[in-house]
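Trainee: Here it is, the structure, as structure tokens.
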Amino acid sequence: VAAGIIFMVFCGLMVAGLFIRHLKVRNSGDKVAIETPVGSISVNGGTPHATGLEIYPGAIPSSGNKNTSINLDANDTGIGIATEQYETKDPIDFVQAWYKKHLGPEFHLETGKDSSMHSNDAVKLNDDDISFVDDRHNGVRVVALKKSSSGTEITLVRVGKKETQ
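Using the working numbering, you'd call the opening residue of the sequence shown number 51 and step up by one each time.
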């Protein structure tokens, strides 16, 4: 068994060695791109409005947080993950009402109270937390609202096709 594992690791390293010879790494400020013959990955920090989701009026970027997008491309197909974080002094009820009006029917509302219905949640929501989720297409878009002492924290997330959905 040990010899089989060693052989598989050796073969894996040989295959990886073929791709590493043709590896290109580009670094520019908050952006890093790694290109190989089979695909590429890019990480962009500080990408303005990477999710393409509407931003609550008057919301400002959270302190110390940068918007980030990660794109994976291979064989003319790609997937992206983008996040943005904002905060507003408005109460969560106002923010929830605004997003409910502006997001459209493809988004469904989930609250922390609903999370107890899911037996295998990766993320646990508090009773006051609210999220609008669109998972009906080739990806997922989420607007998550969290009550804070100074108002409301807003997190926007897009996972799916590389381009803004």
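All C-beta atoms in this analysis are idealised placements derived from N, C-alpha and C, irrespective of residue type, glycine included.
Among Pro107, Gly54, Phe60, Gly89, which residue has its Cα nearest to the Cα of threonine 202?
Mentor: Position 152 of the sequence shown, counted from the first residue, corresponds to residue 202. Comparing Cα positions, the closest option is Pro107.
Trainee: So, helix, strand or coil for phenylalanine 157, using DSSP?
Mentor: As a position in the sequence shown, residue 157 is number 107, starting the count at 1. DSSP places phenylalanine 157 in coil when its eight states are reduced to three.
Trainee: Beta-carbon separation of alanine 1 and alanine 132 under 8 Å?
Mentor: There is simply no residue 1 to check, as the chain begins at 51 and stops at 215 in what is shown.
Trainee: Please classify aspartate 143: does DSSP put it in a helix, a strand, or coil?
Mentor: Taking the sequence shown and counting its residues from 1, the one referred to as residue 143 is at position 93. Of the three classes helix, strand and coil, the one that applies to aspartate 143 here is helix, per DSSP.
Trainee: Can you name, in chain order, every residue of its own chain whose Cβ lies under 6 Å from the Cβ of threonine 39, other than the five neighbours on each side?
Mentor: What is shown of the chain runs 51 to 215, which leaves residue 39 out entirely.
Trainee: Using only the alpha-carbon positions, how far apart do glycine 54 and phenylalanine 60 sit?
Mentor: Numbered from 1 along the sequence shown, position 4 holds the residue referred to as residue 54. Numbered from 1 along the sequence shown, position 10 holds the residue referred to as residue 60. C-alpha of glycine 54 to C-alpha of phenylalanine 60: approximately 10 Å in a straight line.
Trainee: Determine whether the beta carbon atoms of lysine 74 and asparagine 94 lie at a separation below 8 Å.
Mentor: For the purposes of this step, residue 74 is taken as the residue at position 24 of the sequence shown. For the purposes of this step, residue 94 is taken as the residue at position 44 of the sequence shown. No, the Cβ-Cβ distance between lysine 74 and asparagine 94 is not below 8 Å.
Trainee: Report yes if the CB atom of leucine 103 is closer than 8 Å to the CB atom of arginine 186, and no otherwise.
Mentor: Position 53 of the sequence shown, counted from the first residue, corresponds to residue 103. Position 136 of the sequence shown, counted from the first residue, corresponds to residue 186. Their beta carbons are not under 8 Å apart, which means leucine 103 does not touch arginine 186 by this criterion.
Trainee: With distances taken from CA atoms, which of Ala83, Ser198, Ser78 is nearest leucine 122?
Mentor: Locating residue 122 in the sequence shown gives position 72, counting from the first residue. For the residues Ala83, Ser198, Ser78, the minimum Cα distance to leucine 122 belongs to Ala83.
Trainee: Can you tell me whether glycine 108 is helix, strand or coil according to DSSP?
Mentor: Stepping through the sequence shown from its first residue, residue 108 is reached at position 58. Glycine 108: coil per DSSP, three-state reduction.
Trainee: Got a sec, what are the start and stop residues for the beta strand (DSSP E) glycine 102 sits in?
Mentor: Counting from one through the sequence shown, the residue named residue 102 turns up at place 52. That residue, glycine 102, is in no beta strand (DSSP E); it is neither H nor E in DSSP.
Trainee: DSSP on glycine 79, reduced to helix/strand/coil?
Mentor: Against the sequence shown, residue 79 aligns to sequence position 29. The answer is coil: DSSP assigns glycine 79 none of H, G, I, E or B.
Trainee: To which residues of the same chain is serine 200 closer than 8 Å at the C-beta, ignoring the five residues directly before and after it?
Mentor: Taking the sequence shown and counting its residues from 1, the one referred to as residue 200 is at position 150. Excluding residues within five positions, the ones whose Cβ falls inside 8 Å are Glu137, Lys139.
Trainee: Would you call the CB atoms of glycine 154 and asparagine 188 closer than 8 Å?
Mentor: What you label residue 154 is simply residue 104 of the sequence shown in a count that begins at 1. What you label residue 188 is simply residue 138 of the sequence shown in a count that begins at 1. It is not a contact, given that the beta carbons lie outside the stated cut-off.
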